[in-house]
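Enquirer: Per this note's numbering, residue 49 is the first one in the sequence shown, and the count goes up by one each step.
Sending over a structure as structure tokens; questions will come in a sec.
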Amino acid sequence: MSNEEDRLHMHIWRALQILLPEDVVAWSNENRRNGQREGARRKARGCIAGVPDMQFTHAGRALYVEIKTPTGTVSKEQRALHKRIKSTGAPVAVCRSLDDVIGFLSREGISLRGEVMA
Numbered sequence: 049m050s051n052e053e054d055r056l057h058m059h060i061w062r063a064l065q066i067l068l069p070e071d072v073v074a075w076s077n078e079n080r081r082n083g084q085r086e087g088a089r090r091k092a093r094g095c096i097a098g099v100p101d102m103q104f105t106h107a108g109r110a111l112y113v114e115i116k117t118p119t120g121t122v123s124k125e126q127r128a129l130h131k132r133i134k135s136t137g138a139p140v141a142v143c144r145s146l147d148d149v150i151g152f153l154s155r156e157g158i159s160l161r162g163e164v165m166a
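Written out as structure tokens, the structure reads:
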């Protein structure tokens, strides 16, 4: 994850803390590569590659968001896991801005507590 992607992710997360209604539980996943030793430890605990950056739970449904910068690419592992997740009926979106995330959540039936003004 690049510094630019970190900044975008933090910007989106801060806005969502204000916008998400109380009936949505959201969290962000840590997907950094921290070396071979940490990778082996995570793998032993059942962590898998390609997990989306954010998860939202609302009305008994899970929704997933992968954050990418406008020029960022989705890895092979991410594409494969996103396909598996979608096959279970859970939606996954690759979002490149706060507006993308808001649009995805709205299309999935989550009414936000406010609007973002440009």
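Glycine included, every Cβ here is placed at the ideal spot set by N, Cα and C.
All values reported here derive from a predicted model rather than from experimental measurement.
DSSP puts Met102 in a beta bridge; with which residues?
Expert: Met102 pairs with Ser76 and Val113.
Enquirer: Which residues in the same chain have their Cβ closer than 8 Å to the Cβ of Ser154, if we skip the five residues on either side of it in sequence?
Expert: These residues qualify, in order along the chain: Leu160.
Enquirer: Within this structure, are the beta carbons of Ser76 and Pro118 separated by less than 9 Å?
Expert: Not closer than 9 Å, so no.
Enquirer: Taking 6 Å as the limit between beta carbons, can you name the residues of its chain near Leu111, skipping five residues before and five after?
Expert: Same-chain partners within the cutoff: Phe104, Pro139 and Glu156.
Enquirer: Please classify Pro69 as buried or exposed, where buried requires at least 16 neighbouring CB atoms within 10 angstroms.
Expert: So Pro69 ends up on the exposed side.
Enquirer: What does the alpha-carbon distance come out to for the pair Val113 and Ala97?
Expert: If you take the alpha carbons of Val113 and Ala97, they lie about 15 Å apart.
Enquirer: Judging by CA-CA distance, which residue of Asp71, Ala141, Val122 and Pro100 is the nearest neighbour of Ile158?
Expert: The shortest Cα separation from Ile158 among Asp71, Ala141, Val122 and Pro100 belongs to Asp71.
Enquirer: Taking 9 Å as the cut-off, decide whether the C-beta atoms of Met102 and Ala63 are in contact.
Expert: No. Outside cutoff.
Enquirer: Just to confirm the assignment, what range does the alpha helix (DSSP H) spanning Val149 have?
Expert: Start and end: Leu146 to Arg155.
Enquirer: Could you check where the beta strand (DSSP E) with Ala138 kicks off and where it finishes?
Expert: Neither: Ala138 is in no beta strand (DSSP E) and is coded neither H nor E.
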